[in-house]
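Novice: Residues 274 to 431 in our numbering are what the sequence shown lists, from first letter to last. Backbone N, C-alpha and C fix where the C-beta goes; we use that ideal spot for every residue, glycine too. Nothing here was measured: the structure is a model prediction, and the numbers come from that model.
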Amino acid sequence: MQIFNRLSLMKKLFLGPGAVIVMILIMAATAFQGMLFPGNNFDRVYPVNFKEYQALAQVRQDITIAHGNISKAISWIIVFDTDKQKVEKLADEQRRLVAAIDERLTKLIIALDQNQKRTQKTSNTVRPFERLPTDGSCRAFEDHVRLLFGGNDGGRRT
Numbered sequence: 274m275q276i277f278n279r280l281s282l283m284k285k286l287f288l289g290p291g292a293v294i295v296m297i298l299i300m301a302a303t304a305f306q307g308m309l310f311p312g313n314n315f316d317r318v319y320p321v322n323f324k325e326y327q328a329l330a331q332v333r334q335d336i337t338i339a340h341g342n343i344s345k346a347i348s349w350i351i352v353f354d355t356d357k358q359k360v361e362k363l364a365d366e367q368r369r370l371v372a373a374i375d376e377r378l379t380k381l382i383i384a385l386d387q388n389q390k391r392t393q394k395t396s397n398t399v400r401p402f403e404r405l406p407t408d409g410s411c412r413a414f415e416d417h418v419r420l421l422f423g424g425n426d427g428g429r430r431t
């Protein structure tokens with residue numbers, strides 16, 4: 274504190290803006306580094322953060338293929354009078370595709386259920402802090418901490 278008291282008024286007035294300029298320079302350096310090396314971020318976004326989206330896109334593509342195969346089978350049967358062996362081969366392919374769609378949807382539902390459970394757990398953890406004490410009393414804050422961590426006051430409360 275003595276060092277601050279010994280400074281002249283001009284130097285004291287430059288401390289605030291100087292600290293702000295230093296923080297801005299740190300943020301600029303961090304942003305510049307992020308722009309120089311974006312590969313790590315872009316490589317992570319799609320395969321890691323959007324796994325459920327990828328699975329849903331694959332299911333959509335499989336359903337589109339299944340729809341096309343059904344249309345093809347109907348046109349073969351009605352219009353072209355194709356032999357049964359070719360239609361049976363397409364039907365077997367269709368059954369495998371529907372089984373793959375079912376398996377992917379099951380995995381997607383399980384992953385979404387796990388995400389929902391994690392979100393609910395986080396919500397339950399944060400809920401006690403929605404209304405923190407505004408009067409500045411330590412006792413109210415202790416009550417919130419006790420509520421969150423399930424602490425025991427040991428009967429010391431008066």
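#1: What's the C-alpha gap between Leu282 and Leu288?
#2: Going along the chain, which unbroken runs of the beta strand (DSSP E) with 3 or more residues stay wholly within the region 315 to 367?
#3: Should Leu381 and Ile338 be called a contact, given that it needs their Cβ atoms to be closer than 8 Å?
#4: Could you give the DSSP three-state label for Thr431: helix, strand or coil?
#5: Roughly how many whole angstroms lie between the Cα atoms of Met300 and Ala373?
#6: Given this structure, state the Cα-to-Cα distance separating Arg400 from Gln393, to the nearest angstrom.
#7: Could you give the C-beta distance for Trp349 and Val332, rounded to a whole number, given that I count them as a contact under 8 Å?
#8: Quick check: what's the CA-CA separation for Ile347 versus His340?
Specialist: According to the structure shown:
#1: 10 Å
#2: none
#3: no
#4: Caution applies to Thr431, whose pLDDT of 44 falls short of 50 and renders its modelled position unreliable; the model cannot decide the point.
#5: 48 Å
#6: 10 Å
#7: Between Val332 and Trp349 the Cβ distance is about 26 Å, and since that is not below 8 Å, they are no contact.
#8: 11 Å
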